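**Q** Protein chains in written order, with my numbering: chain H, 185 to 274; chain F, 406 to 758; chain Y, 198 to 594.
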Amino acid sequence: MKEDYVVCRCEEITLQEIKSAIKQGAITLDEIKKYTRAGMGLCQGRICSTIIIEILKEHGYLPQYSAPPHSRIPVRPVKIWEYIGEDQDV
Amino acid sequence: MRKVNLVVVGAGPAGLSASIEAAKHGVKALVLDENHKPGGQLFKQIHKFFGSEQQMAGTRGYEIGTKLLNLAKEYGVEIKLNNRVIGIDDHNTLAIIDNHKYSEIRAKKIILCCGATEKPLAFPGWTLPGVMGAGAAQTLVNIHRVVPGEKIIMVGSGNVGLIVTYHLLQAGVKVKAIIDASHKITGYGVHAAKIKRAGIPIILRYTVNRAMGTNQVEKVELIQVDKSFNKIPCTQISFDVDTICLAVGLSPSTELARMIGCKLYYHPKLGGYIPMVNQYMQTTIEDIYAAGDMTGIEEASIAMEEGRLAGLACAISLGYISDNAQSQKALENIRSNLSQLRMGNGKGGIING
Amino acid sequence: MYKRFADAIIIGGGVTGTAITYYLSKTGIQPILIEESNLNAGASGACDEGIVLQSKHTGIMLDMVLKSAKLYKTLEDELNYPIGYRNVGGMIIINEEKYIPVIETFIKKQQQQGLNIHMLHPSDIHKQQPGLSKKVVASAFSKDDCNVYPFKLTLGYVEAAKRLGAKVLLHNRVNNITINKNTLGDKRRELRITTNEHEILTPIVVDATGCGSRQIGKMLGLEIPVFPSRGQIVITEQIPPLIKHQIMDAKFIVAKHKPQLVEKNNALSNLNVGLTIGQAETGNTLIGGCREQVGYNTSTSFSTIREIVKNAADFFPFMKDVSIIRSFAGLRPTTPDNLPILSQTPIPRFYIASGLGGDGLSLSPIVGKIMADLIMKGNCNIVDISQLSLDRFFNIG
Ligand SMILES: Cc1cc2nc3c(=O)[nH]c(=O)nc-3n(C[C@H](O)[C@H](O)[C@H](O)COP(=O)(O)OP(=O)(O)OC[C@H]3O[C@@H](n4cnc5c(N)ncnc54)[C@H](O)[C@@H]3O)c2cc1C
Ligand SMILES: Cc1cc2nc3c(=O)[nH]c(=O)nc-3n(C[C@H](O)[C@H](O)[C@H](O)COP(=O)(O)OP(=O)(O)OC[C@H]3O[C@@H](n4cnc5c(N)ncnc54)[C@H](O)[C@@H]3O)c2cc1C
């Protein structure tokens, strides 16, 4: 049996899923994200990206040669009521 | 929309130093931090800091924090806490959740001092309760005064691993061992010596093979690695532990820098992707500066000097001090402090792990 | 530089290019798909999940989407790949009385053309979609609207096409297309494609590059009028299944079909913001949307995101307690008349499948099929594609 464990906790994406995405042609953090959903969750890849970088390195895809993923507002989760400026019991 | 000359994101040592330096020269600086207390990482540190006298070495982390805060007050820096910066756009507008309410502020200059987050290490079982970052363990003991577990193994022999181990020992926790995949201890000798005196083994060239347990960590299995960090079969050893602390490095928090389009590059020794900065700590975007852990994981004293450099550079470019030989000299002084600090620890200033 | 040959080349790894690659492979030839970055790098990686029938104008668009929806029903089995196809049904919700007659007329025509759609009885609206604000006074419902997960859809097509002998060249940007003069009398060498890594000779080239089409056209001296229209989307954390349908604010339809009715007096309408909302299988909700002419800029803007979020809270008050985790923007490849270009060109065996606007996902399989017919048979009797030809932009007057 191949060694397997969860890499992206937010989306529960496993090592084997990442590896098969690499086989299918995903070679950057952004591409892995699109192929597998790793990094699409609540923490937006803050945790798993270092692990995925290591996995990519093992396959010969060095982070030096690719850009880091895009970042978009909001960089932290925000409740909609906070966003629209409504009062709410905190 | 409120308009200000200078916004500093992050009230850690870098952000506070940047705002103080700018305020010294008359810039009204506004510091935003998402926490309810200022100080960033500093307030977790109850140990004496390393670094030079000038950067308050020999003072404990939280004392440095208090001093910086007092200075900030003295110079009239405005610090807004519970202010999450959730975005920055290309007009230098910051989108902020200010105590649960959305607001926007426009700044002429922005200094990003967002610090870093702990790196994880993945192995079978790493998602079991009982596996935690050393920083989280440190917050528990030093701030909340709770112990994270009874029998702990620390992964990583860098300064963070060594220091947090020491804090855990002081809190009465049994630390079974510190392990590191490297062939030598990566933190400073002084810290390692303390650990060794306390009788804690430091096991090198081992990594975690897996964590075992039904609902929570009960056992950790280690495995030996060769020079290229490949696992060597049949070398497993195991320990009964309920907590695995990971001190395997920090990763710079670059979300905001990436959002505005600052160019980043990958520097493994400095923690991963970091924004490119020039000799003024200015990023590839004119009005955006960056300092501290987010431009490379080093240490608090370096974060402070980098912050000062950025703060002074902003004061100059905002026209509060004229750009002449004298101000260039002042910048040069800070730069030479920085290179001294970086040489001083013989490692280019890098906390490995 | 590697030199090679191909039966056909498809440029663009979005839902359009991958579909064409698959349907062409099914005819027995072995095409090569070329993508400058990776699958879903363009609009297909920055869209909602809707296979939306009821937003389509009657005529060729509705005709195509009805046929597309039929293909979708069996696509997952056919591709033998989990593409996240779900028959969720869709609503067009109306919160302004004045939109009701517009939508009513709109759907009457659609019914005549065979779309399964009706106005809900006012007392049924909130049963159909609990949690909807009481401001919603009317709603259309079609049980035929579906969801599909674009990232898996493209992979599904590609994996199936590969099994049939197709090849995929990722991270290859087409830098030039030329007509090869030195064919040695061999039609199979007529067109030459140059990428950063390869030079390929082929008899057939299909442009499926969405917003890249103008650039591709220039390589061959053709004007292909496809322009970006930005849409922004907000993603929330995962929540229990509460948004049952693919939902669209009538304003979005009215703005598209009767823009004069939509007031332009507030920030909201100036941004062309109209609610679109759907909940993915994962539990995340995707909230949109807007149409903005801002060139090729794919960043999100604070004001639009805030309007989108406000709109969501307005229509779904319970959403106020939900967290937003991310936003993104995509560029709809749009033509001046809002119809796609599925067409031959003055250059023999150079085809265009582009300009799919806000409908590319919904139309993906039928576009694949139409293009396979057009290329292999020289004509297409699925729909009357003369209306979608490139000439239509140049034959006026
Ligand atoms: C266990 C441990 C021991 C250490 N020991 C030493 C030592 O002995 N000597 C030494 O010199 N250094 C030591 N360090 C390192 C030192 O703490 C860091 O180098 C220093 O704190 C970095 O400062 P900073 O200002 O860059 O970041 P931080 O201190 O991390 O501050 C960043 C601040 O920015 C805030 N922030 C980030 N993003 C946002 C946002 N979007 N909106 C609002 N606020 C935001 C964060 O919440 C945080 O408060 C140690 C670190 C650790 C973890
Ligand atoms: C916010 C938003 C929401 C949407 N929601 C929906 C919806 O719910 N339902 C629906 O049906 N549609 C929706 N759409 C529309 C849909 O996304 C598009 O119509 C569709 O994705 C277009 O697909 P495409 O394959 O034609 O183009 P794209 O997906 O843009 O693909 C073009 C590809 O070509 C590549 N390329 C470009 N130039 C070159 C070159 N020179 N060499 C090699 N490769 C090149 C690009 O990298 C890209 O991958 C939405 C769009 C947006 C923006």
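For every residue, glycine included, the Cβ atom is placed at its ideal position computed from N, Cα and C. None of these values were measured; they are calculated from a predicted model.
Exposed or buried, what is Ile211 of chain H when buried is set at 16 or more other beta-carbons lying within 10 Å of its beta-carbon?
**A** Flag for Ile211 of chain H reads buried.
**Q** Can you name the residues of chain Y whose CB is closer than 7 Å to the CB of Thr498 of chain F?
**A** Phe499
**Q** DSSP state of Arg663 of chain F, grouped into three classes?
**A** helix
**Q** Identify whether Asp698 of chain F lies in helix, strand or coil by the three-state DSSP scheme.
**A** helix
**Q** Using only alpha-carbon positions, find the residue among Y:Arg589, Y:Phe202 and Y:Phe515 that is nearest to Thr380 of chain Y.
**A** Y:Phe202
**Q** On the criterion of 16 or more Cβ atoms from any shown chain inside 10 Å, does Glu703 of chain F qualify as buried, or is it exposed?
**A** buried
**Q** Please report whether the beta-carbon of Met516 of chain Y lies at a distance below 7 Å from any beta-carbon of chain H.
**A** yes
**Q** Output yes if chain C places a C-beta closer than 7 Å to the C-beta of His430 of chain F; else output no.
**A** Protein chains in the displayed structure are H, F and Y, and chain C is not among them.
**Q** Which stretch, first to last residue, makes up the alpha helix (DSSP H) that contains Lys478 of chain F?
**A** Where Lys478 of chain F is concerned, the enclosing alpha helix (DSSP H) stretches over Gly466 to Glu479.
**Q** May I ask you to report which of helix, strand or coil DSSP gives Glu233 of chain Y?
**A** Taken through DSSP and simplified to helix, strand or coil, Glu233 of chain Y comes out as coil.
**Q** Between the Cα of Ile300 of chain Y and those of Y:Val334, Y:Leu268, Y:Asn235 and Y:Glu356, spot the shortest distance and give me the residue it belongs to.
**A** Y:Val334
**Q** Name the chain Y residues that come within less than 8 Å of Glu691 of chain F, Cβ to Cβ?
**A** By Cβ distance, chain Y contributes nothing, its closest Cβ being about 18 Å from Glu691 of chain F, past 8 Å.
**Q** With a CB to CB cut of under 7 Å and the five nearest residues on each side skipped, what residues in its chain are close to Val653 of chain F?
**A** In its chain, beyond the 5 residues on either side, Lys524, Leu526, Val560, Gly561 and Gly758 have a beta carbon closer than 7 Å to the beta carbon of Val653 of chain F.
**Q** Have a look at Lys384 of chain Y and Ile474 of chain Y and give me their C-alpha separation to the nearest angstrom.
**A** Going from the Cα of Lys384 of chain Y to the Cα of Ile474 of chain Y covers about 49 Å.
**Q** Cβ closer than 7 Å: which chain Y residues qualify as neighbours of Ala210 of chain H?
**A** Asn235
**Q** Which residues in chain H sit within 7 Å of Pro529 of chain F, going by Cβ to Cβ distance?
**A** Glu187 and Tyr189
**Q** Any heavy atom of ligand 1 closer than 6 Å to the beta-carbon of Gln543 of chain F?
**A** Result yes, Cβ under 6 Å from ligand 1.
**Q** Buried or exposed: where does Glu420 of chain Y fall if 16 or more other Cβ atoms within 10 Å of its Cβ makes it buried?
**A** exposed
**Q** Are the beta-carbon atoms of Ala616 of chain F and Ile584 of chain F separated by less than 7 Å?
**A** No, these two residues do not count as a Cβ contact at 7 Å.
**Q** Return yes when at least one heavy atom of ligand 1 lies under 6 Å from the C-beta of Val569 of chain F, else no.
**A** Correct: Val569 of chain F has its Cβ closer than 6 Å to ligand 1.
**Q** In chain H, which residues lie less than 8 Å from Gly242 of chain Y when you measure between Cβ atoms?
**A** Simply Lys218.
**Q** Can you tell which of F:Val625, F:Glu710 and F:Val580 has its C-alpha closest to the C-alpha of Ala735 of chain F?
**A** F:Glu710
**Q** Applying the 10 Å Cβ sphere with the 16-neighbour rule, what's the burial state of Leu246 of chain H?
**A** exposed
**Q** Where does the unbroken alpha helix (DSSP H) through Ile354 of chain Y begin, and where does it stop?
**A** In the sequence under discussion, the amino acid at residue 354 of chain Y is Tyr, which differs from the Ile named in the question. Counting along the chain, the unbroken alpha helix (DSSP H) around Tyr354 of chain Y starts and ends at Pro347 to Arg360.
**Q** Put Val365 of chain Y into one of helix, strand or coil per three-state DSSP.
**A** Here Val365 of chain Y sits in strand by DSSP.
**Q** Which full runs of the beta strand (DSSP E) of 3+ residues lie inside the stretch 504 to 540 of chain F, going along the chain?
**A** 506 to 517, 521 to 523 and 536 to 538
**Q** For the alpha helix (DSSP H) that contains Pro562 of chain Y, what are its first and last residues?
**A** Per DSSP, Pro562 of chain Y belongs to the alpha helix (DSSP H) from Gly557 to Lys574.
**Q** Starting from Cys650 of chain F and walking both ways along the alpha helix (DSSP H), at which residues does that stretch end?
**A** Counting along the chain, Cys650 of chain F falls outside any alpha helix (DSSP H), though it belongs to the beta strand (DSSP E) covering Thr648 to Leu651.
**Q** Please state the DSSP three-state secondary structure of Gln733 of chain F.
**A** helix
**Q** Quick one: which chain Y residues come within Cβ less than 7 Å of Arg256 of chain H?
**A** Listed by position along chain Y, the residues whose Cβ is nearer than 7 Å to that of Arg256 of chain H are Thr497, Arg523, Ser524 and Phe525.
**Q** Is Arg597 of chain Y helix, strand or coil when you go by DSSP?
**A** Lying before the first or after the last residue shown, residue 597 of chain Y is absent from chain Y, which here runs from 198 to 594.
**Q** Within 7 Å (strictly less), CB to CB, does Phe348 of chain Y reach chain H?
**A** yes
**Q** Considering only DSSP beta bridges, list what Gly247 of chain Y is partnered with.
**A** Y:Asn344
**Q** Enumerate in chain order the residues of its own chain whose CB-to-CB distance from Asp645 of chain F is below 6 Å, with the five nearest sequence positions on each side excluded.
**A** Excluding sequence neighbours, Asp645 of chain F sits near Lys624.
**Q** Note down, in chain order, every chain Y residue with its Cβ under 7 Å from the Cβ of Glu215 of chain H.
**A** Asn235
**Q** Mapping the DSSP letters down to three states, classify Phe634 of chain F as helix, strand or coil.
**A** coil
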